[in-house]
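Per my numbering, residue 4 is the first one in the sequence shown, and the count goes up by one each step.
A virtual CB, placed ideally from N, CA and C, is assigned to each residue, including glycine.
All values reported here derive from a predicted model rather than from experimental measurement.
Structure first, then comments.
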Amino acid sequence: MAKESKTTGATKTETAGANLPLFYSKPRAVLAERHGSMSLTPTSDFSFAATTNSVPVVATELPMVCKHYPILFTDGAQPQMVALLGLRASENLMVDDKGNWTPGTYVPAYIRRYPFIFFENEEKSQYTLCVDEDAKTVVEGTENPFFVDGEPSKMTQSALDFCRDYQAHYAATAEFLKAVTEAGLLVENRADATLADGRKLSLSGFKVIDEAKFNELDDETFLAWRKRGWVHLVYCHFISNGNWSTLVERAAMKVAN
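The following block contains the structure:
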């Protein structure tokens, strides 16, 4: 069920295959015959994200993301925008030991989407709503069912709508990333931090937009980007740099505790 005609392309990170997307280990198409007796626990448990220090973000959420996290660009031929959640490779400073997300901070859409996701078929003509059956929140029961009398429940329909919107935003974000890359604005960077106890942390392997190169864009390109809403996205990236100190403080507090 829950199939969508394809309207946008999907990059490697959003396509089923040997390398599954971050967090997903057993995604299966949501079907009444498979999930008719299954339910999704209504409680929020973000423990699945506790061991990752970054997640992809889409353009529409940057105004919120930039208030809480540094926004970086991954290295590689097809860069992605990510929100940095921790200073160590396997540490998310926003998730506590009980799986709670830090109150008052924004939860990226990529994380809120889990355990659902869209996958495209081999012909790349349709998207199908899938769920990670290994997710702790997917259980037997009828409290928050996937199906009611063989039909998708409101919860499943909401998941479909969320994934549909996310896929559209993901495709639009890819256009922005392509423009930034082709304009030669991305440069290698690294961050070094010293905690209160003297311990040093270093993070590398990411890129940022070079502000000087951005300011040198010709008028035609700048105006075209402004019409697309891309100039605002660049400024969100610049604003997000102010969140590095917050992550360092969170890392220091975790060491102290």
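8 Å Cβ cutoff met for residue i and residue j
i, j, result
"residue 96", "residue 257", "yes"
"residue 116", "residue 69", "no"
"residue 185", "residue 31", "no"
"residue 90", "residue 72", "no"
"residue 120", "residue 27", "yes"
"residue 46", "residue 25", "no"
"residue 207", "residue 193", "yes"
"residue 145", "residue 118", "no"
Simplified DSSP state of residue i, which is helix, strand or coil
i, result
"residue 113", "helix"
"residue 245", "helix"
"residue 106", "coil"
"residue 27", "coil"
"residue 160", "helix"
"residue 133", "strand"
"residue 66", "helix"
"residue 58", "strand"
"residue 90", "coil"
"residue 210", "strand"
"residue 316", "No information on residue 316 is available, as it lies outside the stretch 4 to 260 that the chain covers here."
"residue 165", "helix"
"residue 203", "strand"
"residue 252", "helix"
"residue 178", "helix"
"residue 143", "strand"
"residue 17", "Interpretation of residue 17 is limited by its pLDDT of 38, a score under 50 that renders its predicted location unreliable; the figure taken from the coordinates is listed afterwards. Helix, per DSSP."
"residue 240", "helix"
"residue 150", "strand"
"residue 257", "helix"
Residue i: first and last residue of the uninterrupted beta strand (DSSP E) it sits in
i, result
"residue 31", "30–32"
"residue 76", "74–77"
"residue 192", "189–197"
"residue 84", "84–87"
"residue 122", "119–123"
Environment of residue i [buried if 16+ CB atoms lie within 10 Å]
i, result
"residue 39", "exposed"
"residue 57", "buried"
"residue 42", "buried"
"residue 170", "buried"
"residue 83", "buried"
"residue 52", "buried"
"residue 176", "buried"
"residue 226", "exposed"
"residue 123", "buried"
"residue 64", "buried"
"residue 138", "buried"
"residue 142", "exposed"
"residue 243", "buried"
"residue 60", "buried"
"residue 112", "buried"
"residue 162", "buried"
Nearest neighbour of residue i, chosen from the options [CA to CA]
i, options, result
"residue 214", "65, 177, 98, 237", "237"
"residue 74", "220, 210, 223, 255", "210"
"residue 217", "183, 193, 203, 227", "183"
"residue 81", "225, 189, 232", "189"
"residue 158", "33, 29, 244, 195", "33"
"residue 106", "112, 98, 113", "98"
"residue 150", "208, 37, 241, 249", "37"
"residue 130", "252, 223, 164, 246", "164"
"residue 201", "254, 160, 162", "254"
"residue 101", "60, 93, 48", "48"
"residue 103", "203, 195, 50", "50"
"residue 249", "173, 141, 198, 147", "198"
"residue 240", "85, 162, 168, 148", "85"
"residue 172", "29, 66, 35, 62", "62"
"residue 109", "66, 94, 204", "66"
Residue span of the alpha helix (DSSP H) that contains residue i, given as start and end
i, result
"residue 225", "222–231"
"residue 219", "Taken as a continuous stretch (DSSP letters only), residue 219 belongs to no alpha helix (DSSP H), as it is neither H nor E."
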